[in-house]
Amino acid sequence: MAKKKKPVAPIRPVPPRPAPQAVSTPSLQFDRNQPPVPVQTPVRDVVTPVTQSQPNNGLIQFDRRLKWFLGICIGLCLVLTLAKVNYSSITIWNQIIPDGSDPKRGLITGTPHTIRLDEWGILAPVFLSQINQGYPVTNLAIGGQQTPLVMNVPVKHVISLFRPDYWGFFALGPDMGFAFWWNFKFFFTLISLTLFFLVLTKNNFWLSVFGAFWITFSSGMVWWSMFFTFLIGFGALTFVVFMELLYTKRRLPLIWLGIALAYLSTVYAVNLYPAFQIPMAYVLVALIMGYLIQNKLTDVLVNLPLKLAALMAVLGLIGVSGYLYYQDAKPTLDTMTQTVYPGQRVNAGGEGFTTNWFSEYYSWLLSDTKLPQPWFNICEASHFVTFVPIVLLGLAFCFVRTRRVDPLLTASVVVLLVLLSYMEFGWPLPLAKATLLSTSTSARVQLVVGVASVVLTILYLNYLASLKLPVKAVYLFSGIAAAIGLMIYALLVNVTDAAGFFTTSQLIAPTLFFVLVSILLLPDVQFRHRTAAFGGAMVLFLLPNLRVNPIGIGMSPITENVVYKAVREVVQRDPKARWVVFGSQPLAFMTTATGANQLSGLKNQPDLNAMHVLDPTAKRDSVYNRHARPVYVPYIDGRDSVVINPGGAADTYLVGVDPCSPKLKQLGVKYFLFDHAPQPAEVRCLKQVTSLGSLFIYQATN
Numbered sequence: 062m063a064k065k066k067k068p069v070a071p072i073r074p075v076p077p078r079p080a081p082q083a084v085s086t087p088s089l090q091f092d093r094n095q096p097p098v099p100v101q102t103p104v105r106d107v108v109t110p111v112t113q114s115q116p117n118n119g120l121i122q123f124d125r126r127l128k129w130f131l132g133i134c135i136g137l138c139l140v141l142t143l144a145k146v147n148y149s150s151i152t153i154w155n156q157i158i159p160d161g162s163d164p165k166r167g168l169i170t171g172t173p174h175t176i177r178l179d180e181w182g183i184l185a186p187v188f189l190s191q192i193n194q195g196y197p198v199t200n201l202a203i204g205g206q207q208t209p210l211v212m213n214v215p216v217k218h219v220i221s222l223f224r225p226d227y228w229g230f231f232a233l234g235p236d237m238g239f240a241f242w243w244n245f246k247f248f249f250t251l252i253s254l255t256l257f258f259l260v261l262t263k264n265n266f267w268l269s270v271f272g273a274f275w276i277t278f279s280s281g282m283v284w285w286s287m288f289f290t291f292l293i294g295f296g297a298l299t300f301v302v303f304m305e306l307l308y309t310k311r312r313l314p315l316i317w318l319g320i321a322l323a324y325l326s327t328v329y330a331v332n333l334y335p336a337f338q339i340p341m342a343y344v345l346v347a348l349i350m351g352y353l354i355q356n357k358l359t360d361v362l363v364n365l366p367l368k369l370a371a372l373m374a375v376l377g378l379i380g381v382s383g384y385l386y387y388q389d390a391k392p393t394l395d396t397m398t399q400t401v402y403p404g405q406r407v408n409a410g411g412e413g414f415t416t417n418w419f420s421e422y423y424s425w426l427l428s429d430t431k432l433p434q435p436w437f438n439i440c441e442a443s444h445f446v447t448f449v450p451i452v453l454l455g456l457a458f459c460f461v462r463t464r465r466v467d468p469l470l471t472a473s474v475v476v477l478l479v480l481l482s483y484m485e486f487g488w489p490l491p492l493a494k495a496t497l498l499s500t501s502t503s504a505r506v507q508l509v510v511g512v513a514s515v516v517l518t519i520l521y522l523n524y525l526a527s528l529k530l531p532v533k534a535v536y537l538f539s540g541i542a543a544a545i546g547l548m549i550y551a552l553l554v555n556v557t558d559a560a561g562f563f564t565t566s567q568l569i570a571p572t573l574f575f576v577l578v579s580i581l582l583l584p585d586v587q588f589r590h591r592t593a594a595f596g597g598a599m600v601l602f603l604l605p606n607l608r609v610n611p612i613g614i615g616m617s618p619i620t621e622n623v624v625y626k627a628v629r630e631v632v633q634r635d636p637k638a639r640w641v642v643f644g645s646q647p648l649a650f651m652t653t654a655t656g657a658n659q660l661s662g663l664k665n666q667p668d669l670n671a672m673h674v675l676d677p678t679a680k681r682d683s684v685y686n687r688h689a690r691p692v693y694v695p696y697i698d699g700r701d702s703v704v705i706n707p708g709g710a711a712d713t714y715l716v717g718v719d720p721c722s723p724k725l726k727q728l729g730v731k732y733f734l735f736d737h738a739p740q741p742a743e744v745r746c747l748k749q750v751t752s753l754g755s756l757f758i759y760q761a762t763n
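As structure tokens, this is what we get:
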């Protein structure tokens, strides 16, 4: 039986392809007598935006590198804190009040510096005074009224929530607390400034880390024992959170960003040091304006009503917390505002640099014991390496060739020049008062100008990375000539300004170094690793600053000193009794550390109640109505006179009083510490408690 065949589908004819059309090609023939004319593509100077990936959830890209960096910083801070490592010159106490122990007690490496008296001689003892007294709101040993509320010290008050660098004292005790106070400054500042530059440079990681290192370890920071890094760090982090709040596209982050902004800005505001805070605030505001102009506002407009509500809530939280703080601190603040210094001090600028703008190029040749006499001291003389003249020249070259202005760079230049004008030339006093710059001297604005110049240079380096400019010999050689001329000028200025301290030959090597570094900032000097070369050179220059602050462990140079132990033992037996130290300032500071309630020693602001007992008619209030370090000396004339005169330094005054004066008895003074063997007339109403070599402790007999 035959099988059925499946039907076969008919084959459809394939339509023929259309014939290709003839394409005319230019003839390759040419007249041998006529040379070909090359086609020239015009080359234009352009600026290519830096196109780095931006995360959808914020301005900062928290990639693996950044997470490792944050983890290392936080880890080192914790480990060094638990190891009780600090960077204080506190070991100088082993030489100031020797007790026969090891002169290097508490010192791991480095050299303590006597010039840092504010740190080792005032703040460290004040911290211990607060600890030994139980963190009181009122501590007459350091000033009248409620001084701990306005002086940055650990205190049992809600204000301590806004002093995070002091949290270690409450949780870890004095040694680890002191270590945390130091390590917080270093690592928090590095983290905050890195995040700050990441926002400004659109996530240029290594440039941001370099910028953070540059500011943190400049001479103007390390020689001031990192005091100003706290405000710089919180100011930078406030900027970061504010910009994140403005540019986030999501609703949920607005809540925690608003809370963070309220907290950070309050921290910046209530840690009082207007001389630095005000000019630094101007730098931050200028950067905010420049950033907003430079970047699209479309992201800012997303969820704008919620963002405005968040900002209003932030202002409300700041207002409420500020009001509550003011209510508690008002009497103290009122007293402070009426003092000769700092309350009534008004400035109009115009004093200029303590040294000169270019002195930092030669900082390798300076130390706390080796310094030109006109430059006062190493702390006041220290600031930041500046490249502002070269940066301004480079920006001028770029503008001529691109006809474009970078708003962020422009804002940085403007605020820097404004602050420089206040420093160098001064402003009319009404203008200085209206802008609140009257609270700051040129010496303090000098530090902020240094910070602003570093910010400008980092932004400029990031800007150069986005340029696509052909090298032009006229700009290249003009820039090199300008760099050489600037450094020759800097050399001559320093030879003259340092009153013969430097010789020309000493300055040749640093001058050549900075000529090469400055040339790296010229737009026409182009090679792949230009930024890395500049950063490496500056890190090399800054490395010696790592040795400025010594490395120590614990607070044993004070707490294990024989004098501290002897006075502390008496204080523990009789904690409410008042003391007077007749003698040197360091001995009075050591007594403060024990928790003793004393008349002498530091007075962050005057104890007017006590001084009105000693000076009932307030005849000498212009001498003692100020932040000061009074020194008491025995003075016996048979008439119970009290002599109050200015001391040798601006913040010191002398009080001559009879140890047996009824005025001291009225003030509750019971114990007396003499730095000399007292005469019989000085102790006629006292009995000896103990002697410590040349030091003597006496007690009132009635």
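With the sequence shown counted from 1, adding 61 to any position gets you my numbering. Glycine included, each C-beta is placed from N, C-alpha and C at the ideal position.
Quiz item: Can the beta-carbon of residue 351 be found closer than 7 angstroms to that of residue 477?
Solution: Position 290 of the sequence shown, counted from the first residue, corresponds to residue 351. Position 416 of the sequence shown, counted from the first residue, corresponds to residue 477. Cβ atoms of residue 351 and residue 477: not closer than 7 angstroms.
Quiz item: Between the C-alpha atoms of residue 248 and residue 271, what's the straight-line distance to the nearest angstrom?
Solution: Here residue 248 refers to the residue found at position 187 when the sequence shown is read from its first residue. Here residue 271 refers to the residue found at position 210 when the sequence shown is read from its first residue. Cα-Cα distance, rounded: 14 angstroms.
Quiz item: What's the gap between the Cα of residue 113 and the Cα of residue 264?
Solution: By 1-based counting over the sequence shown, the position of residue 113 is 52. By 1-based counting over the sequence shown, the position of residue 264 is 203. For residue 113, the predicted structure reports a pLDDT of 44, less than 50, and the residue's modelled location is therefore unreliable. A value from the coordinates is still provided. Taking C-alpha positions only, residue 113 is separated from residue 264 by approximately 7 angstroms.
Quiz item: Mind checking residue 630: buried by the 16 CB within 10 Å criterion, or exposed?
Solution: On the sequence shown, position 569 is the one that residue 630 refers to. Exposed, by the Cβ-count rule.
Quiz item: Is the CB-CB distance between residue 201 and residue 763 below 7 angstroms?
Solution: Looking up residue 201 in the sequence shown gives position 140. Looking up residue 763 in the sequence shown gives position 702. Result no, Cβ atoms of residue 201 and residue 763 do not sit closer than 7 angstroms.
Self-check item: C-alpha distance - residue 764 paired with residue 172, whole-angstrom precision
Solution: Past the edges of the chain, shown from 62 to 763, lies residue 764, and the structure says nothing about it.
Quiz item: Would you report the Cα separation of residue 668 and residue 697, rounded to the nearest angstrom?
Solution: For this step, residue 668 is matched to residue 607 along the sequence shown. For this step, residue 697 is matched to residue 636 along the sequence shown. The straight-line gap from Cα to Cα measures roughly 23 angstroms.
Quiz item: Looking at residue 738 and residue 747, is the spacing between their C-beta atoms short of 7 angstroms?
Solution: Position 686 of the sequence shown, counted from the first residue, corresponds to residue 747. Position 677 of the sequence shown, counted from the first residue, corresponds to residue 738. Cβ atoms of residue 747 and residue 738: not closer than 7 angstroms.
Self-check item: Assigned exposure category for residue 467 - 16 Cβ within 10 Å defines buried
Solution: Translated into positions along the sequence shown, residue 467 becomes position 406. The residue in question, residue 467, is buried, as its Cβ has 16 or more Cβ neighbours within 10 Å.
Quiz item: Counting contacts by CB-CB distance shorter than 7 angstroms, is residue 587 in contact with chain D?
Solution: Protein chains in the displayed structure number just one, and chain D is not present.
Quiz prompt | Validate contact between the stretch 366 to 382 and the stretch 484 to 501 using beta carbons, cut 8 angstroms, 3 pairs | solution = no
Quiz item: Mind checking residue 153: buried by the 16 CB within 10 Å criterion, or exposed?
Solution: Residue 153 sits at position 92 when you count from the first residue of the sequence shown. With 16 or more other Cβ atoms within 10 Å, it is buried.
Exercise. Have a look at residue 396 and residue 408 and give me their C-alpha separation to the nearest angstrom.
Key: On the sequence shown, residue 396 is found 335 positions in, with the first residue counted as 1. On the sequence shown, residue 408 is found 347 positions in, with the first residue counted as 1. Rounded to the nearest angstrom, the two C-alpha atoms are 20 angstroms apart.
Quiz prompt | Backbone CA spacing between residue 180 and residue 132 [nearest angstrom] | solution = Your numbering for residue 180 matches position 119 in the sequence shown. Your numbering for residue 132 matches position 71 in the sequence shown. Roughly 29 angstroms separates the two Cα atoms.
Practice problem: Compare the C-alpha of residue 151 against each of 162, 141, 168 and name the closest. | Solution: The sequence position of residue 151 within the sequence shown is 90, counting from 1. Selected option, being the one with the closest Cα: 168.
Quiz item: Looking only at its own chain, which residues have a Cβ that is under 7 angstroms from the Cβ of residue 103, when we skip the five neighbours before and after it?
Solution: Walking along the sequence shown from the start, residue 103 turns up at place 42. Bear in mind that a pLDDT of 43 at residue 103, under 50, signals an unreliable position, so the model cannot answer this.
Quiz prompt | Cα-Cα separation between residue 675 and residue 699, rounded to whole angstroms | solution = Your numbering for residue 675 matches position 614 in the sequence shown. Your numbering for residue 699 matches position 638 in the sequence shown. Looking at the two C-alpha atoms, the distance is approximately 16 angstroms.
Quiz item: Does DSSP classify residue 257 as helix, strand or coil?
Solution: As a first step, residue 257 is located in the sequence shown; it is residue number 196 there, counting from the start. Residue 257: helix per DSSP, three-state reduction.
Quiz item: If we count the other Cβ atoms within 10 Å of its Cβ and call it buried at 16 or more, is residue 191 buried or exposed?
Solution: Locating residue 191 in the sequence shown gives position 130, where the first residue counts as 1. Classification of residue 191: buried, given that the 10 Å Cβ count is 16 or more.
Exercise. Return the bridge partner residues of residue 734 from the DSSP annotation.
Key: Counting from one through the sequence shown, the residue named residue 734 turns up at place 673. 642, 758, per the DSSP bridge assignment.
Quiz prompt | residue 453 to residue 586 span [Cα, whole Å] | solution = On the sequence shown, residue 453 is found 392 positions in, with the first residue counted as 1. On the sequence shown, residue 586 is found 525 positions in, with the first residue counted as 1. So the two alpha carbons sit approximately 16 angstroms from each other.
Quiz item: Is the stretch 606 to 614 close to the stretch 135 to 148, with three or more CB pairs under 8 angstroms?
Solution: Remark: three or more beta-carbon pairs, one from each stretch, lie closer than 8 angstroms, so the stretch 606 to 614 and the stretch 135 to 148 are flagged as touching.
Quiz prompt | Nearest-angstrom Cα separation, counted from residue 672 out to residue 682 | solution = On the sequence shown, position 621 is the one that residue 682 refers to. On the sequence shown, position 611 is the one that residue 672 refers to. If you take the alpha carbons of residue 682 and residue 672, they lie about 8 angstroms apart.
Practice problem: Could you give the DSSP three-state label for residue 686: helix, strand or coil? | Solution: Position 625 of the sequence shown, counted from the first residue, corresponds to residue 686. Three-state result, residue 686: coil.
Quiz item: Buried or exposed: where does residue 754 fall if 16 or more other Cβ atoms within 10 Å of its Cβ makes it buried?
Solution: Locating residue 754 in the sequence shown gives position 693, where the first residue counts as 1. The residue is exposed, with fewer than 16 neighbouring Cβ atoms inside 10 Å.
Exercise. For residue 749, write down the residues that DSSP places opposite it in a beta bridge.
Key: In the sequence shown, the residue the question calls residue 749 occupies position 688. Partner(s): 759.
Quiz item: Name the DSSP bridge partner or partners of residue 664?
Solution: Within the sequence shown, residue 664 is the residue found at index 603, counting from 1. Paired residues: 689.
Exercise. Note down the Cα distance separating residue 710 from residue 591, rounded to an integer number of angstroms.
Key: Residue mapping note: residue 710 aligns to position 649 of the sequence shown, counting from 1. Residue mapping note: residue 591 aligns to position 530 of the sequence shown, counting from 1. Their backbone Cα atoms lie some 49 angstroms apart in a straight line.
Practice problem: May I ask you to report which of helix, strand or coil DSSP gives residue 30? | Solution: Residue 30 is absent from the structure shown; the chain starts at 62 and stops at 763.
Quiz item: According to the neighbour-count rule (16 or more other Cβ atoms, all chains shown, within 10 Å of its Cβ), is residue 244 buried or exposed?
Solution: In the sequence shown, counting from the first residue as 1, residue 244 sits at position 183. The C-beta of residue 244 has 16 or more other C-beta atoms within 10 Å across all chains shown, which makes the residue buried.
Quiz item: Going by DSSP, which residues form a beta bridge with residue 170?
Solution: Counting from 1 along the sequence shown, the entry for residue 170 is found at position 109. DSSP output for residue 170 lists 612 as bridge partner(s).
Self-check item: Option in 303, 402, 206 with minimal Cα separation from residue 345
Solution: Residue mapping note: residue 345 aligns to position 284 of the sequence shown, counting from 1. For residue 345, the closest alpha carbon among the candidates 303, 402, 206 is that of 303.
Quiz item: Using the C-alpha atoms, what's the distance from residue 628 back to residue 519?
Solution: In the sequence shown, counting from the first residue as 1, residue 519 sits at position 458. In the sequence shown, counting from the first residue as 1, residue 628 sits at position 567. Approximately 52 angstroms between the Cα atoms of the pair.
Quiz item: Quick check: the stretch 272 to 279 against the stretch 641 to 658, are there 3 or more CB pairs under 8 angstroms?
Solution: Result no; under three Cβ-Cβ pairs closer than 8 angstroms.
Quiz item: Considering only residues of the stretch 260 to 295, which uninterrupted alpha helix (DSSP H) runs meet the minimum length of 4 residues and lie entirely inside it, listed in chain order?
Solution: 266 to 277, 280 to 283
Quiz prompt | Between the CA atoms of residue 229 and residue 237 - distance to the nearest angstrom | solution = What you label residue 237 is simply residue 176 of the sequence shown in a count that begins at 1. What you label residue 229 is simply residue 168 of the sequence shown in a count that begins at 1. Approximately 7 angstroms between the Cα atoms of the pair.
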